[in-house]
Amino acid sequence: TTLPEETIRRAEAAGFKTVPTGIEHGTVTAIAGGKAYEVTTLRADIETDGRRAKVSFGRDWKLDAERRDFTINALYAEADGNVVDLVGGIADIAARRLRFIGDAEARIREDYLRILRFFRFFAWYGDGRPDAEGLKACARLKDGLGQLSAERIWSELKKLLSAPDPSRALLWMRQAGVLTSVLPESEKWGIDAIHGLIRTERDLGWTADPLLRLEAMVPPDAARLKTLAGRLKFSAAEAERLRHW
Numbered sequence: 005t006t007l008p009e010e011t012i013r014r015a016e017a018a019g020f021k022t023v024p025t026g027i028e029h030g031t032v033t034a035i036a037g038g039k040a041y042e043v044t045t046l047r048a049d050i051e052t053d054g055r056r057a058k059v060s061f062g063r064d065w066k067l068d069a070e071r072r073d074f075t076i077n078a079l080y081a082e083a084d085g086n087v088v089d090l091v092g093g094i095a096d097i098a099a100r101r102l103r104f105i106g107d108a109e110a111r112i113r114e115d116y117l118r119i120l121r122f123f124r125f126f127a128w129y130g131d132g133r134p135d136a137e138g139l140k141a142c143a144r145l146k147d148g149l150g151q152l153s154a155e156r157i158w159s160e161l162k163k164l165l166s167a168p169d170p171s172r173a174l175l176w177m178r179q180a181g182v183l184t185s186v187l188p189e190s191e192k193w194g195i196d197a198i199h200g201l202i203r204t205e206r207d208l209g210w211t212a213d214p215l216l217r218l219e220a221m222v223p224p225d226a227a228r229l230k231t232l233a234g235r236l237k238f239s240a241a242e243a244e245r246l247r248h249w
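Mapping the sequence shown onto this note's numbering, position 135 (from 1) lands on 139, and the numbers just tick up by one.
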């Protein structure tokens with residue numbers, strides 16, 4: 005509940021290095037023992053535009069929880085280790101269920117990246133079918149993805165494609181029309197190719213490679229791959245890897 009400036013003062017007084025990672029949003033990074041720990045002041049949204057939010061700092065845990073995306077991301081631990089759950093996140097974790105907090109469309113309109121986060125977290129932690137309300141909201145609002153920068157989209161796709169087996173999430177993305185929106189270069193058989201690649205990874209003990217998995221979903225056409233690399237703003241190293249496949 006301390007303001008960012010007070011967080012910095014206390015951390016540095018205790019001998020920790022601090023970085024004002026996103027101080028306008030209340031986030032300060034403290035470096036301790038070579039590890040980075042993000043410390044964020046409780047917040048409430050004042051204004052959102054689908055990409056970023058203007059926030060006010062406060063002391064209300066419930067308001068802070070209600071501005072987050074999913075129930076599983078709104079858990080708080082007290083100093084004695086007691087977990088405070090204001091939105092049913094613990095039950096959802098136990099059931100491997102991913103749900104938006106409150107109204108799914110309202111959460112998505114606050115930041116359209118939450119559409120991709122929905123499928124990313126489902127790929128990592130979900131089971132069975134995705135939450136019906138969340139899936140419908142993602143399908144209805146998918147055009148909002150056009151407001152996002154290529155860098156944010158690619159960063160989220162890499163995290164999704166790094167899941168042990170992202171194929172189920174990709175299938176639901178295709179059904180919702182989201183996959184075509186962010187990866188128009190992919191083909192219908194692309195998800196089948198992912199299945200085969202995952203089997204090979206497991207047989208050979210390979211670590212999941214999101215770029216290799218992406219390449220498997222796209223026809224081996226140099227011009228199409230070059231367009232993909234440019235559109236998603238790949239790093240020079242990523243574009244070079246793609247060029248040599």
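Virtual Cβ for every residue (Gly too), placed ideally from N, Cα, C.
The structure displayed is predicted, hence computed values, not measured ones.
(request) Return helix, strand or coil for V222, following the three-state DSSP convention. (result) For V222, the three-state secondary structure derived from DSSP is coil.
(request) State buried or exposed for T204, treating a residue as buried only when at least 16 other CB atoms are found within 10 Å of its CB. (result) Sixteen is the threshold: since fewer than 16 other Cβ atoms of the shown chains lie within 10 Å of the Cβ of T204, the residue is exposed.
(request) Work out the CA separation of P223 and R121 for me, nearest whole Å. (result) 26 Å
(request) My understanding is that R202 touches S171, with C-beta atoms under 8 Å, so please give their C-beta distance in whole angstroms. (result) In the sequence on display, residue 202 carries Ile and not Arg. Yes, they are in contact, since the Cβ atoms of I202 and S171 sit about 7 Å apart, within 8 Å.
(message) Classify I35: buried if its beta carbon has 16 or more other beta carbons within 10 angstroms, exposed otherwise.
(response) exposed
(message) Between the alpha carbons of G132 and W176, how many angstroms are there, rounded?
(response) 11 Å
(message) According to DSSP, is K237 part of a helix, a strand, or is it coil?
(response) coil
(request) Could you spell out where the alpha helix (DSSP H) holding D196 opens and where it closes? (result) From DSSP, the alpha helix (DSSP H) with D196 extends over G194 to L208.
(message) I'd like to check one pair, I198 with A220: are the Cβ atoms closer than 7 Å?
(response) Yes, Cβ-Cβ distance for A220 and I198 is below 7 Å.
(request) Take P237 as the anchor and find which of S153, G92 and V87 has the nearest alpha-carbon. (result) Correcting the residue identity first, residue 237 is Lys in this sequence and not Pro. The residue with the shortest Cα to Cα distance from K237 is S153.
(message) List, from N- to C-terminal side, the alpha helix (DSSP H) runs of 4 residues or more that fit wholly inside the segment 52 to 125.
(response) 65 to 70, 93 to 98 and 108 to 114
(message) Let me check understanding here. Comparing Cα to Cα, which of R111, L164 and E160 lies closest to C142?
(response) The residue with the shortest Cα to Cα distance from C142 is R111.
(request) Using alpha carbons as the reference points, say which of L208, G150, N77 and D89 lies closest to L183. (result) G150
(request) Report back the beta-carbon spacing between G148 and L102 to the nearest angstrom; my notes put them in contact at under 8 Å. (result) Contact flag wrong, Cβ pair sits at about 19 Å.
(request) Pick helix, strand or coil for P134, following the three-state DSSP scheme. (result) coil
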